[in-house]
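K.L.:
Would you mind keeping the following structure in view while I ask a few things?
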Amino acid sequence: MKSSRREFIRGVGAFGALNIIPSGVLYGANAPSNQLTRALIGFGSIAQSANHLSNKYSRLVGICDPDLLHVKNGLAVCERAGWGKVKAYKDFMELLADPGVDVAHICTPPHWHGVQSVMAARAGKDIWCEKPMTRTVGEGKRVMEYVKSKGRMFRLNTWFRFKDEFYGFGTSVAPIRKVVENGLVSSPGKPIRCVVGAGQGFNWKFFWSGLVNLEPQKCPETFDWDMWLGPAPWKPYNSHRAHGTFRGYWDYDAGGLGDMAQHYLDPVQYLLCKDETSPVKIDYVGPKQHPDVVGRFDRITLTYADGTEVVLDGDESLKGEPFLSGDKASVWSYGSGKGQVDSKGNPRMFGMIDNSTGKAIDVRALLKELPESASQQTDFADSVRNRKRFCLNEESGFRSCTMFNLAIVAERLGRGFKFDPVSLHAVDDPAAERFLYQSMRQPWYDEFMKA
Amino acid sequence: MKILVLALLSCLAPVVFGAAPDAVAWQNKNNDAIAAATCDEALAAVVKDEAAADRLLTEVKGAYLTDPMVATKIAAVSQYVMKKTCCREKARKIWTEALLRRAAGSNDAYVSQFCIDQLRWCGYSSQAKALRALAKGKQKEVFCIAEMAAKELESK
């Protein structure tokens with residue numbers, strides 16, 4: 061579909077009256093015929109972020125949203141951002157049917173991500189999807205398998221595994237991964253404990269909570285509530301359930317955990333070298349949850365088969381712990397207050413304490429001795445053009461999303477459970493299994509499941 | 007800065023949306039009461055017989071009006087009856103049949119939906135047929151969730 065559009069445009073250009081010079085030569089890589097195109101599914105606040113609106117890796121050609129006010133505002137915003145007059149699609153189906161769109165940017169709430177990723181792949185689009193990748197393990201598994209079977213390029217909208225300073229640290233995760241994969245935190249075969257909480261520089265954003273006693277409201281005529289709900293169960297409209305506050309409701313997301321888990325846990329998965337597996341045991345400490353409205357958790361522990369633990373510290377009881385601890389050393393972030401400045405007075409990237417001596421390790425000197433980690437594919441335009449899988453793709457993204465999905469199952473069960481990272485099912489736990497694999501409202505379930 | 011703005015918006019939500027607290031504030035305020043209401047002994051008392059189960063479910067009100075403690079307790083019962091440690095089959099039978107009765111007996115779409123939603127987590131595959139039957143003639147919203155729940159139960 062993509063190549064036929066480019067060939068068509070080139071053909072028209074070649075037969076243009078005085079246009080005997082190919083536009084790719086005249087305009088270089090930014091020639092319209094060479095440019096990738098993208099369209100945004102959903103135009104709320106996230107669609108207006110730099111990754112979606114201002115990103116120049118491709119040309120923005122259209123938007124859609126079930127809220128006509130979003131569409132009206134969005135057209136003006138896109139024009140001010142320098143994209144000219146983009147197309148307003150009637151709905152995302154019309155967007156996906158447009159052969160002039162190369163990449164579908166999915167900027168809808170999480171309850172839509174699975175369905176829209178599968179439908180986009182079916183329509184021959186490459187996909188850039190907001191996080192979290194999906195709402196359940198079942199949806200993630202389907203997306204992973206389907207996108208791969210269709211040969212589409214997929215990336216998630218989180219990036220800390222390959223760029224930017226990681227929360228609480230004066231560095232990206234690359235140097236932290238180096239010390240882990242070279243056995244400097246734990247000896248080979250020995251587990252690592254990773255704590256993710258306020259003390260280590262992470263904020264679980266419990267303010268993303270829903271309201272426990274809403275009232276039905278009259279839905280504005282400009283807003284298609286039924287379409288916004290999509291695969292989620294129908295519930296009476298209340299504005300707090302949609303737009304900027306949908307995160308507070310289990311039907312659509314999972315509060316602060318839904319907002320931040322994949323930003324935090326994808327780089328954790330990467331630096332712990334766990335991209336190809338998932339936790340086998342999940343433990344939960346916290347209050348029982350309301351069936352509709354997302355509350356808080358105190359502690360959720362995800363344990364891998366080799367004993368490695370990732371602990372989500374909600375009540376800050378682990379504030380004084382290091383970010384990583386193993387049998388050889390511990391790694392500390394700025395948030396912990398340890399290892400603030402290195403021995404030469406340089407602003408440190410992270411602190412590292414040798415267990416045997418109790419003394420700080422010169423991290424910069426240490427890193428110079430270590431080999432570089434395997435390189436990552438971090439250019440999505442290159443991925444799309446040359447069919448090279450992006451580093452945060454449907455498989456690695458599924459695994460880090462599974463960490464998040466397992467955590468919310470434990471939260472909703474009010475207890476822990478066991479998980480098989482190969483079969484991707486709960487172990488001898490029918491109650492957990494029901495949360496892992498959920499159905500959807502029609503017609504979206506059929507759209508999600510068909511070949 | 008963005009986090010500060012979002013936190014401020016969250017604090018303003020009760021002002022904008024009325025006096026309803028958010029779930030985190032409600033949990034923090036009622037921590038001990040939630041633990042007491044959802045401990046195993048309290049949940050066992052709900053499923054000791056049909057009358058006790060029906061009594062709790064009559065407290066499900068239309069359109070988000072159910073007391074959050076009641077809603078949280080109901081969700082906890084649905085998980086309790088799935089545990090292997092209690093007298094599971096008898097308790098589960100009592101509870102799921104009570105959910106079906108309440109869903110079928112209410113003219114309020116939200117009440118029916120609420121109960122059907124709970125059946126997704128604890129219902130029997132044999133109850134899929136009953137779910138579809140109760141949805142006939144009900145509102146479209148009830149029909150949709152009943153179909154969703156029936157599909158899930160059939161796969162168990």
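From first to last, the protein sequence lines are chains A and B. In short: position in the first sequence from 1, add 60, done, that's my numbering. In short: position in the second sequence from 1, add 6, done, that's my numbering. Glycine included, C-beta positions come from ideal geometry on N, C-alpha and C. Since this is a predicted model, take the numbers as computed values, not measurements.
Does the segment 282 to 302 of chain A touch the segment 326 to 341 of chain A, meaning 3 or more C-beta pairs lie closer than 8 Å?
P.N.:
Because the criterion of three Cβ pairs below 8 Å is not met, the segment 326 to 341 of chain A and the segment 282 to 302 of chain A do not touch.
K.L.:
Quick check on Glu4(A): buried or exposed, where buried means 16 or more other Cβ atoms within 10 Å of its Cβ?
P.N.:
Because chain A here runs from 61 to 511, residue 4(A) falls outside it and cannot be looked at.
K.L.:
Is the CB of Ser354(A) under 9 Å away from at least one CB in chain B?
P.N.:
The question names Ser, yet the displayed sequence has Val at residue 354(A). It does: the Cβ of Val354(A) has a partner Cβ on chain B nearer than 9 Å.
K.L.:
Exposed or buried, Thr196(A), counting other C-beta atoms within 10 Å across all chains shown (16 or more means buried)?
P.N.:
Buried, by the Cβ-count rule.
K.L.:
Assess contact between the segment 107 to 118 of chain B and the segment 53 to 68 of chain B, defined as three or more Cβ pairs (one per stretch) separated by less than 8 Å. Is contact present?
P.N.:
Counting Cβ pairs under 8 Å, three or more are found: they touch.
K.L.:
If you drop the 5 nearest sequence neighbours on each side, which residues of the same chain put their C-beta closer than 7 Å to that of Val146(A)?
P.N.:
For Val146(A), where only same-chain residues beyond five positions count, the Cβ hits under 7 Å are Leu120, Val121, Gly122, Ile123, Leu135, Cys138.
K.L.:
Looking at the structure shown, is Ala136(B) part of a helix, part of a strand, or coil, going by DSSP?
P.N.:
Residue state, collapsed to three classes: helix.
K.L.:
Do the CB positions of Asp326(A) and Phe220(A) come within less than 9 Å of each other?
P.N.:
In contact: Asp326(A) and Phe220(A) (Cβ atoms closer than 9 Å).
K.L.:
Under DSSP, the alpha helix (DSSP H) around Asp186(A) begins and ends at which residues?
P.N.:
Looking at the DSSP string, Asp186(A) is not in any alpha helix (DSSP H); the run it does join, the beta strand (DSSP E), is 186 to 189.
K.L.:
Are the segment 442 to 456 of chain A and the segment 207 to 223 of chain A in contact at 8 Å, needing three or more beta carbon pairs?
P.N.:
A contact exists between the segment 442 to 456 of chain A and the segment 207 to 223 of chain A.
K.L.:
According to DSSP, which residues form a beta bridge with Ile122(B)?
P.N.:
For Ile122(B), which the question treats as bridged, DSSP gives no partner whatsoever.
K.L.:
Is any beta-carbon of chain A found at less than 9 Å from that of Ala89(B)?
P.N.:
The sequence shown places Lys at residue 89(B), rather than the Ala named in the question. With 9 Å as the cut-off, Lys89(B) counts as an interface residue toward chain A.
K.L.:
Distance check for Gln349(A) and Gly474(A), CA to CA, integer angstroms please.
P.N.:
So the two alpha carbons sit approximately 7 Å from each other.
K.L.:
Expressed to the nearest angstrom, what Euclidean distance is found between the alpha-carbon atoms of Ser396(A) and Ala314(A)?
P.N.:
With a pLDDT of 47 at Ser396(A), under the threshold of 50, the modelled position of this residue cannot be trusted; read the value that follows with caution. Distance between the alpha carbons of Ser396(A) and Ala314(A): 27 Å.
K.L.:
Pick from Arg237(A), Gly249(A), Glu429(A), Asp489(A): whose alpha carbon is nearest that of Leu384(A)?
P.N.:
Answer by Cα proximity: Arg237(A).
K.L.:
Quick check: the Cα distance between Leu137(B) and Ala141(A), rounded to an integer number of angstroms?
P.N.:
Near 51 Å, if we compare the C-alpha coordinates of Ala141(A) and Leu137(B).
K.L.:
Looking at C-beta atoms only, is the number of pairs between the segment 245 to 255 of chain A and the segment 365 to 375 of chain A that lie closer than 8 Å three or more?
P.N.:
With the cut-off at 8 Å, the segment 245 to 255 of chain A and the segment 365 to 375 of chain A touch.
K.L.:
For Ser483(A), return the contacting residues in chain B, with the cut-off set at a CB-CB distance below 7 Å.
P.N.:
Residues of chain B passing the Cβ test: none, with the nearest at roughly 15 Å.
K.L.:
Please confirm if Phe37(A) has its CB atom under 9 Å from at least one CB of chain B.
P.N.:
Not covered by the structure: residue 37(A). The range shown for chain A is 61 to 511.
K.L.:
Among the candidates Glu47(B), Cys121(B), Glu153(B), whose CA atom is the shortest distance from the CA of Lys135(B)?
P.N.:
Nearest option by C-alpha distance: Glu153(B).
K.L.:
Is there a Cβ from chain A that is less than 9 Å from the Cβ of Leu140(B)?
P.N.:
Taking Cβ atoms only, chain A never reaches closer than 9 Å to Leu140(B), which makes this a no.
K.L.:
Taking Ala491(A) as the query, report the chain B residues whose CB atoms sit under 7 Å from its CB, ordered along the chain.
P.N.:
Residues of chain B passing the Cβ test: Gln85, Met88, Trp127.
K.L.:
Name, in chain order, the residues that DSSP records as bridge partners for Gly211(A).
P.N.:
Gly211(A) is not bridged to any residue.
K.L.:
Suppose the cutoff is 7 Å on Cβ atoms and the five residues either side in sequence are ignored; what does the same chain contact list for Val233(A) look like?
P.N.:
The residues are Phe220, Arg221, Phe226, Pro327, Tyr330, Leu331.
K.L.:
Between the C-alpha atoms of Met287(A) and Ile413(A), what's the straight-line distance to the nearest angstrom?
P.N.:
Using only the alpha carbons, I get a separation of about 53 Å.
K.L.:
In the segment 242 to 275 of chain A, which residues sit with their C-beta less than 9 Å from some C-beta in chain B, listed in chain order?
P.N.:
Per Cβ criterion, the list reads Asn263, Lys265, Phe266, Phe267, Trp268, Ser269, Gly270, Leu271, Val272, Asn273, Leu274, Glu275.
K.L.:
By a C-beta neighbour count over all protein chains shown, 10 Å radius and 16 as the cutoff for buried, is Asp151(A) buried or exposed?
P.N.:
Exposed.
K.L.:
If you reduce the DSSP assignment to three classes, tell me which class Asp373(A) lands in.
P.N.:
If DSSP states are grouped into helix, strand and coil, Asp373(A) belongs with the strands.
K.L.:
How big is the Cα-Cα spacing for Gly259(A) and Lys54(B)?
P.N.:
Distance between the alpha carbons of Gly259(A) and Lys54(B) is about 45 Å.
K.L.:
Among the candidates Pro235(A), Ser118(A), Phe262(A), whose CA atom is the shortest distance from the CA of Val423(A)?
P.N.:
It is Pro235(A).
K.L.:
Any idea what DSSP makes of Ala420(A), helix, strand or coil?
P.N.:
It is a strand residue.
K.L.:
Would Val30(B) pass as a contact of Arg307(A) if the rule is Cβ separation under 9 Å?
P.N.:
For Val30(B) and Arg307(A), no; Cβs fall outside 9 Å.
K.L.:
Have a look at Leu125(B), Ala97(B), Lys96(B), Ala58(B) and flag the residue whose alpha-carbon is nearest the alpha-carbon of Ala110(B).
P.N.:
It is Leu125(B) whose Cα lies nearest to the Cα of Ala110(B).
K.L.:
In its own chain, which residues sit with a C-beta less than 8 Å from the C-beta of Ile166(A), not counting the 5 before and 5 after it?
P.N.:
Excluding sequence neighbours, Ile166(A) sits near Ile101, Gly102, Trp172, His173, Gln176, Ser177, Ala180, Ile187, Trp188, Cys189, Glu190.
K.L.:
Under three-state DSSP, which class holds His130(A)?
P.N.:
Residue state, collapsed to three classes: helix.
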